[in-house]
Each structure stands twice: as C-alpha cells, then as structure tokens.
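Worksheet for the structure shown next.
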C-alpha cells in the first residue's frame, strides 16, 4: 500500500515536471516566418517602438535570428538603431546593437540582403530623399554585417556651392560593397566626387 502511494506520488511529480517543462518550451518558441510574432518578441526585449523587423541567418548560416529597428526622435538625440536578437540557453536576448545611426524610418528603404562574399544575411538601409531639399541635403546608406559586427556606410552630401560629394566609410574592404554604393549614386549624380572625410 505504502509502495503504491510512493509510486503514485513519483508519477504525479514526474507528470507535473513534464508539463512545466513543456510550457516553458512553448513560451520560448517563435515562428520566424510570422512577422507579427517576431515583432511582438522584439517589443518585449526592446523598450522602444519597433519600426522594422526581419528574421534570417544574420550572424551565421546555421543560426536563425531576428533584427529589429527602432527610431529615436528627441530634442537632444535622434536617429535609428538595429538590434540582433538570438536564442541563448533557451531564452531570447539582444546580443548586438548598432548604436545610434543617422537616419529615419520615414520614407526609407530597409530590407535584408545577401552578398556572396559574406557569411550570413545583412541589413540594407537607404534614407532616400528624406534629408534632401531644394537647397541640398544628405542621403545615408548602410549595409550592416551582423556576423562581423561591422557597419559599412555611404554618405552623399549635396551642396549648391560644392556640388555632390560621396564619403565611404573606412572599414569597407570588400570591392563589391564599394562598387555597390558608388554605382547606386552615380545613376543620379554622375559628377559626384569621392571624399576622404565625412562632413557631418
């Protein structure tokens, strides 16, 4: 009789542990193809409004991860940033953040991209004509390599007095990225000149 009670108690405890384990596992699962689900997950981890979200193999070809973009528009600080979210020890965490970059998610182009010479997918951002006016302005392009934690960027500066200049970040070593930036701007500004310092 006592032995039966012990077996029943062990069985009940085992069942409870199994159910708790299953519940925990379900809470930490996400469908990477469900944009609403990954946006909700990003919002739980980042205390800002999520303006952009994408899932992909950003840090490596084998690891599925999430990138979330947010925007700050205060009096003293403004810009955009991107966070990489990955599952670490069964919990989702922000493992990398770009810091604040020049830009806005208003009227921009932002998407993931893949270049054959790089591991994993990257994020491409283009501010388009958001900062351009009749008197000139700026265009910002970023390619964010989460695998190497590198941000490659191009800054187009349009001035009536000085013409059109293009600055390319010093960390661009791959010719493919350099050509990508230059070709993009050459379509609209054939006379642009490459400069060695950013005029921000």
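In the numbering used here, the protein residues as written are 393 to 592. Where is the CB? At the ideal position from N, CA and C, for every residue including glycine.
Between residue 544 and residue 561, the C-beta gap is smaller than 8 Å, which places the two residues in contact. Non-local beta-carbon contacts of residue 501 in its own chain, meaning distances under 8 Å to residues more than five positions away in sequence, involve 516, 517, 518, 520 in chain order.
The way I'd put it, the segment 474–481 doesn't touch the segment 504–514; fewer than three beta-carbon pairs between them come closer than 8 Å. Around residue 527, the same chain offers 552 as residues with beta carbons nearer than 7 Å, after the five sequence neighbours per side are excluded. Excluding residues up to 5 positions away in sequence, 533, 546, 560 lie with their Cβ nearer than 7 Å to the Cβ of residue 573 in the same chain.
The Cβ neighbour count for residue 490, taken over all protein chains shown within 10 Å, is at least 16; the residue is labelled buried.
Spanning the alpha carbons of residue 509 and residue 566 requires a straight line of approximately 8 Å.
The beta-carbon separation of residue 538 and residue 450, rounded to 4 Å, stays under the 8 Å limit for a contact.
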